[in-house]
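Everything below concerns the one structure shown next.
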Ligand code: ADP
């Protein structure tokens with residue numbers, strides 16, 4: 357007994373305490389890892405589509421729809437690719453039993469990659485359902501709206517009416533107009549996104565189309581005390597385009613420029629032949645001296661139904677569909693729509709359209 361006491365001097369005690377601490381840290385680390393694995397498994401199980409976690413090419417975890425993909429070589433290759441590049445890789449996996457899948461591999465920490473698989477056919481079916489739903493509802497809304505607007509117009513201002521009656525009639529007419537525009541925009545978007553959509557192409561002069569659009573909004577510009585001008589480079593070539601759709605693009609951009617520019621400002625529409633990488637394109641810009649678009653809103657303005665924060669809180673009419681429609685039409689023509697803006701100074705939307713060499 358005295359021998360044992362002699363062996364447990366201060367050094368031995370410190371060693372034993374160190375061992376105990378290491379043991380405690382090890383146990384805590386194992387418990388933490390187990391909890392992390394359980395959290396990861398809960399996340400995987402909550403996903404309705406196949407999801408797997410790889411370490412290199414080796415599967416580490418998966419949910420039950422993911423079990424069928426454990427040995428898939430394409431999935432393993434995407435996981436390894438995301439790990440090497442240390443970034444998200446998205447790739448379509450060729451048809452498996454008639455279905456095409458989109459694989460998204462996201463590099464996690466500690467050499468792990470999560471692969472998520474989306475059934476493209478199901479996604480397309482869902483999109484088609486959503487498109488048809490919007491189209492049908494919009495069609496159903498169109499007739500009653502036309503009736504409401506017609507009756508609001510027929511009521512007119514009757515002598516002896518109280519001011520509040522007149523105000524109510526004006527509100528019905530204005531709101532009816534706003535709803536009709538929204539429904540029209542929804543229908544246009546549904547048509548543009550339909551697989552059956554095609555442009556009605558014919559040779560046209562962009563300059564004529566721009567002059568017409570300017571004329572169409574000139575009263576509005578005058579009422580809002582905004583200067584409106586057109587700046588055309590000489591000798592612009594013709595292009596093959598869908599006249600009605602392109603005019604809609606220019607009107608949407610002009611409408612926004614006039615909406616978001618205060619009185620005393622100016623809007624300039626210009627068109628020229630592109631240079632450098634845009635040499636075979638016409639370049640058209642709608643430039644305003646308005647409020648500009650905050651940098652936080654910029655990534656989203658082309659998204660459906662998005663309205664910048666400033667526009668949402670104010671009585672500025674709009675549905676957040678104008679830019680989405682404009683971008684789809686320009687892209688369908690093989691062109692591009694971009695924006696440059698500075699808050700408090702103004703915004704320029706520029707679109708390009710290819711011309712025949
Ligand atoms: P909206 O019907 O709201 O105008 P759009 O799709 O046409 O919808 O535009 C989306 C958002 O982009 C608008 O809500 C507005 O905040 C912003 N925006 C578009 N054009 C301009 C512009 N010329 N100046 C400032 N903001 C603009």
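Residue numbers (this note's numbering): 357 to 713. C-beta atoms are modelled at their ideal positions from N, C-alpha and C, and glycine is treated no differently.
Asked                                                                                                             : Found
DSSP state of residue 447 mapped onto helix, strand, coil                                                         : strand
Boundaries (first-last residue) of the alpha helix (DSSP H) holding residue 611                                   : 599-615
Terminal residues of the alpha helix (DSSP H) in which residue 505 lies                                           : 476-511
Residue 599 vs residue 558 beta-carbon contact at 8 Å                                                             : yes
Residue 415 - partner residues in DSSP beta bridges                                                               : 410
Whole runs of the alpha helix (DSSP H) within the segment 514-577, excluding any shorter than 4 residues          : 519-549
Which of helix, strand or coil DSSP assigns to residue 618                                                        : coil
Sequence-distant residues of its chain with Cβ nearer than 6 Å to residue 491 (five each side left out)           : 546
Residue 613: CB within 7 Å of a non-hydrogen atom of the ligand ADP                                               : yes
Host alpha helix (DSSP H) of residue 580 (start-end)                                                              : Taken as a continuous stretch (DSSP letters only), residue 580 belongs to no alpha helix (DSSP H), as it is neither H nor E.
Cα-Cα separation between residue 612 and residue 539, rounded to whole angstroms                                  : 18 Å
heavy atom of the ligand ADP below 7 Å from residue 653 C-beta                                                    : yes
DSSP-derived helix/strand/coil call for residue 651                                                               : coil
For residue 637, three-class secondary structure by DSSP                                                          : strand
Residue 645, buried or exposed, once every other Cβ within 10 Å from all chains shown has been counted against 16 : buried
Straight-line Cα distance separating residue 677 from residue 542                                                 : 8 Å
Reduced DSSP secondary structure (H/G/I, E/B, other) of residue 466                                               : coil
Status (buried if at least 16 other CB within 10 Å, exposed otherwise) for residue 703                            : buried
Burial state of residue 415, where buried means 16 or more other Cβ atoms lie within 10 Å                         : buried
Residues near residue 417 by beta carbon distance below 8 Å, same chain, minus five either side                   : 393, 396, 397, 400, 408, 409
Reduced DSSP category for residue 694 - H, G, I as helix; E, B as strand; rest coil                               : strand
Rounded straight-line distance, which links the Cα of residue 493 to that of residue 502                          : 15 Å
Check: residue 607 C-beta below 7 Å from any heavy atom of the ligand ADP                                         : no
Backbone secondary structure at residue 592 - three-state DSSP                                                    : coil
Among 694, 566, 569, 684, nearest to residue 548 - alpha-carbon criterion                                         : 684
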